[in-house]
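Below is one structure, written out as structure tokens; the observations come after it.
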Amino acid sequence: MLVGRGCFCFFLNFTMSDSSSRVHGESFFTPWLPSLGAIDLVVDDLSVGPGSSGGGAGSRLIVNRRRQEGNPVLKYVRNVRYEWGDIGPDFECGSTCGVLYLALKYHKLHPNYILTRLSGKEENKYACRILLTLCNVDEPRHTLRELNLLCYRMDWTLVLCYSVEEAAEYIENLKLSDTRDPTFKKPVFVPVDEKSALQNAAVGILTGARSVTKADAQRLLFNFGTLKAISEASEEQLALCPGLGPIRAKNLYNYLRTPFTS
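In full-length UniProt numbering, the protein residues as written are 1 to 262.
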């Protein structure tokens, strides 16, 4: 799901210092390596894994060590190099992008935690603020509705993921996009040709009739070919158009015969 202005991800289910915290007998997370500092992977000649502060830090993903050490998501961050840092959000994907990560299983046990994080001073210093949420509970609809409203009120962007692998992919892409040329992010303008302009104008005329939708107008143009043919058709002929029906056919028939007024 694509996001809006900001980039903040808090991984809520990894914020407790006690990694043995459990839900229904299951650990929130289990460290996937004896030591995260031992990671030294190479992908396409790009060194990935945790590093120490130093040269080239601006090109690295910054991870909140106090909250994120042991987070299994880091196992799948393979296309960017990351390092530990003292930051407000859980992940810093550039100077203007902060990410908070929240697992719904943790959120159900600690519902007030995310409000504290979203309102933090250090977390809100970024222009792009994203709450990356892992949906790992049954029936998350009501919880997501509340989180969506909270993010809207506090000017955060809510992004959903359904696995730790997907969460890592979002984080990687946010970091990689930070180094791209801004023009790369601009949508390509496609000029509207004359045929499309005329078709859009015809659709606009037909949708002026009561209860006639854009889809109805497009089907009418497909079946009759021209506006002239539609305007000359009888009410019964219009009703035969798939999806239109007798009521909308009557509305359209009367609409096309309404006299112009000055």
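Idealized CB from N, CA, C, for every residue including glycine.
Express the C-alpha separation of residue 63 and residue 219 in angstroms, rounding to a whole number. In the sequence shown, counting from the first residue as 1, residue 219 sits at position 219. In the sequence shown, counting from the first residue as 1, residue 63 sits at position 63. Approximately 53 Å between the Cα atoms of the pair.
DSSP state of residue 32 mapped onto helix, strand, coil: For the purposes of this step, residue 32 is taken as the residue at position 32 of the sequence shown. Residue placement at residue 32 is poorly supported in this model, since its pLDDT is 34, which falls under 50; the coordinates still yield a value, given next. In this structure, residue 32 counts as coil in the three-state DSSP scheme.
Collapsed DSSP secondary structure at residue 103 in the structure displayed: If you number the sequence shown from 1, residue 103 lands on position 103. The DSSP-derived three-state label of residue 103 is strand.
Anticipated Cβ contact below 8 Å, residue 76 with residue 165, distance rounded: Taking the first residue of the sequence shown as position 1, residue 76 is located at position 76. Taking the first residue of the sequence shown as position 1, residue 165 is located at position 165. Under the criterion of beta carbons closer than 8 Å, residue 76 and residue 165 qualify as touching, at roughly 5 Å.
Residue 247 to residue 200, Cα distance in whole Å? As a working note, residue 247 is residue 247 in the sequence shown. As a working note, residue 200 is residue 200 in the sequence shown. Going by C-alpha positions, residue 247 is about 24 Å away from residue 200.
Look at the alpha carbon of residue 81 and the alpha carbon of residue 162, and state the distance between them as a whole number of angstroms. On the sequence shown, position 81 is the one that residue 81 refers to. On the sequence shown, position 162 is the one that residue 162 refers to. Approximately 23 Å between the Cα atoms of the pair.
Unbroken beta strand (DSSP E) run spanning residue 253, endpoints: Your numbering for residue 253 matches position 253 in the sequence shown. First-last for residue 253: 245-256, but that is the alpha helix (DSSP H), not the beta strand (DSSP E).
Burial state of residue 52 (16 or more Cβ within 10 Å): For the purposes of this step, residue 52 is taken as residue 52 along the sequence shown, with counting starting at 1. For residue 52, the pLDDT reaches just 43, beneath the cut-off of 50, and the residue's location in the model is therefore unreliable, although a value from the coordinates is still provided. Residue 52 should be labelled exposed.
Out of 111, 175, 224 and 137, which has the shortest C-alpha to C-alpha gap to residue 130? As a working note, residue 130 is residue 130 in the sequence shown. Residue 130 has its Cα closest to that of 175, out of 111, 175, 224 and 137.
Contained alpha helix (DSSP H) runs [length at least 4] in the segment 125-208, N- to C-terminal order: Entirely contained in the segment 125-208, the alpha helix (DSSP H) runs reaching 4 residues are, in chain order, 141-154, 164-178 and 194-206.
Can you tell me whether DSSP reads residue 114 as helix, strand or coil? As a position in the sequence shown, residue 114 is number 114, starting the count at 1. Shown here, residue 114 sits in a helix according to DSSP, grouped into three states.
Would you kindly report the start and end of the unbroken alpha helix (DSSP H) that includes residue 219? One-based indexing of the sequence shown puts residue 219 at position 219. For residue 219, the enclosing alpha helix (DSSP H) starts and ends at 214-224.
Are there 16 or more other CB atoms within 10 angstroms of the CB of residue 178, so buried, or fewer, so exposed? By one-based count along the sequence shown, residue 178 stands at place 178. It counts as buried.
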